[in-house]
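A short write-up of the structure that comes next.
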Amino acid sequence: MAKHTIGFIGTGRMGGPMAGRLLDAGYTLSVHDTSSEAIRPLIARGARLAGSPAEVASASDIVLTSLPTPDIVKGVALGPNGIASGNRARIVIDLSTSGPGTAKLIAQEFQPRNMTLVDAPVSGGITGAVNGTLAVMVSCPKETYEIVEPILKNFGKLFYTGDKPGTAQTAKLANNLMAAAALVITSEAVAMGVKGGINARVLIDIINASSGRNSASQDKFPRAVLPGTFDFGFATGLSYKDVRLCVDEAEAMGVPMVCGAAVRQMLAITNAKFGASSDFTSIAKVLEEWAAVEMRG
0 MAKHTIGFIG
10 TGRMGGPMAG
20 RLLDAGYTLS
30 VHDTSSEAIR
40 PLIARGARLA
50 GSPAEVASAS
60 DIVLTSLPTP
70 DIVKGVALGP
80 NGIASGNRAR
90 IVIDLSTSGP
100 GTAKLIAQEF
110 QPRNMTLVDA
120 PVSGGITGAV
130 NGTLAVMVSC
140 PKETYEIVEP
150 ILKNFGKLFY
160 TGDKPGTAQT
170 AKLANNLMAA
180 AALVITSEAV
190 AMGVKGGINA
200 RVLIDIINAS
210 SGRNSASQDK
220 FPRAVLPGTF
230 DFGFATGLSY
240 KDVRLCVDEA
250 EAMGVPMVCG
260 AAVRQMLAIT
270 NAKFGASSDF
280 TSIAKVLEEW
290 AAVEMRG
């Protein structure tokens, strides 16, 4: 069976490697990004350049998007020269973290146009995107899932959350809240340990051999905090956006988020102090300044 012609919009730090994996798998690709630099490597490998999201949707059977914010996702999907203005694609896979509200809105707007949204946020960072080891959360009608499954398998392990729009986004927000919370609490604990006279690396080794181990102590601290590089690869602004979305959605559902609100506040401080483009491991730098220590080892 011939492979679908694929469109890919948003070929940045996450989207670029994912689009590259589709080229590796033999798909014909039409690509669009506001940055010519982001798109250049894919064009060099044979992808076709499209001038707008509408052009991508007119050249492709299935369009994938990997974009930074809910407003950009909505604009690309539904705005002037957006995907909905195209004349060919009937399935749109959104790999962004845009929140359940945005997923529901786009799915609803697509319906009269005979288009289906596949809500498919991913987790696992740039390394996961490059290696095809992402966790891909997917919500869409079951018959659509069977069509897109071979495409999404190129990115990693799939988790089908059901046919209700937005459920995959809810799962992603829950995960990203916990990832940020682990970074905040580990930063506090290690700052305390260093202030008390323990070498930061020794304390991290103790935590990782004990019941306090978590994604920050096992991965983010050894890679980006202990060396003092603060370059894990996920922007503070994006983490702050995800946690804000999570807390807002939870509150709208009537689910209290006491710890979540504290994590959101720590990200607000980090974002204000170091900027949205800083690495989100800069949370640890806030604690270093407050505690007057350096967490190295």
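Anchor point for the sequence shown: position 106 equals 105 in numbering that gives the first Met the number 0, and the numbering is continuous, going up by one each time.
Even glycine gets a Cβ: it sits at the ideal position worked out from N, Cα and C.
Just so it is clear, the structure is predicted and the values come from calculations on it, not from any experiment.
Nearest-angstrom Cα distance between residue i and residue j?
i, j, result
"K163", "T10", "27 Å"
"L266", "K2", "43 Å"
"A188", "G15", "36 Å"
"N174", "A261", "16 Å"
"G50", "T68", "21 Å"
"T185", "G98", "26 Å"
"V292", "T228", "16 Å"
"N270", "L182", "15 Å"
"T4", "G165", "26 Å"
"P255", "T96", "21 Å"
"I268", "P120", "26 Å"
"L133", "R112", "31 Å"
"I42", "N207", "43 Å"
"I298", "T64", "The structure shown does not extend to residue 298, since the chain is modelled only from 0 to 296, so the question has no answer here."
"A180", "G124", "17 Å"
For residue i, is the classification buried or exposed, using 16 other Cβ atoms within 10 angstroms of its Cβ as the cut-off for buried?
i, result
"E287", "buried"
"R20", "buried"
"K240", "buried"
"P52", "buried"
"G6", "buried"
"Q168", "buried"
"K272", "exposed"
"S276", "exposed"
"M17", "buried"
"R263", "buried"
Out of the options, which one is the CA nearest neighbour of residue i?
i, options, result
"T33", "A167, V75, A170", "V75"
"V117", "P226, N207, N86, I150", "I150"
"M294", "I105, D60, P221, G78", "P221"
"E77", "L48, A24, M114, K141", "It is worth fixing the name first, because residue 77 is Leu in this sequence and not Glu. Out of L48, A24, M114, K141, M114 has the C-alpha closest to the C-alpha of L77."
"G296", "L28, L157, E142, A190", "A190"
"M252", "G100, I42, R12, K171", "G100"
"R194", "W289, E108, L172", "Reading the sequence as shown, one finds Lys at residue 194 and not Arg. K194 has its Cα closest to that of W289, out of W289, E108, L172."
"V242", "L172, A83, G123", "L172"
Indicate whether at least one CB of chain B lies closer than 8 Å to the CB of residue i.
i, result
"K171", "As a matter of chain content, chain B is missing from the structure shown, which is built from one protein chain."
For the putative contact between residue i and residue j, defined by C-beta atoms under 8 Å, what is the C-beta separation to the nearest angstrom?
i, j, result
"I92", "V55", "Contact doesn't hold; Cβ gap of about 12 Å is too wide."
Open item on the list: Does the region 118 to 129 come into contact with the region 197 to 211, if we say contact requires no fewer than three beta-carbon pairs (one atom in each stretch) closer than 8 Å?
Closed with: no
Open item on the list: Under 8 Å, with one C-beta from each stretch per pair, do the region 221 to 239 and the region 267 to 286 reach the 3-pair mark?
Closed with: yes
Open item on the list: With a threshold of 8 Å, are at least 3 pairs of Cβ atoms found where one atom belongs to the region 241 to 248 and the other to the region 207 to 215?
Closed with: no
Task: Inter-stretch contact (C-beta, 8 Å, three-pair minimum) for the region 38 to 45 and the region 141 to 155 - done: no
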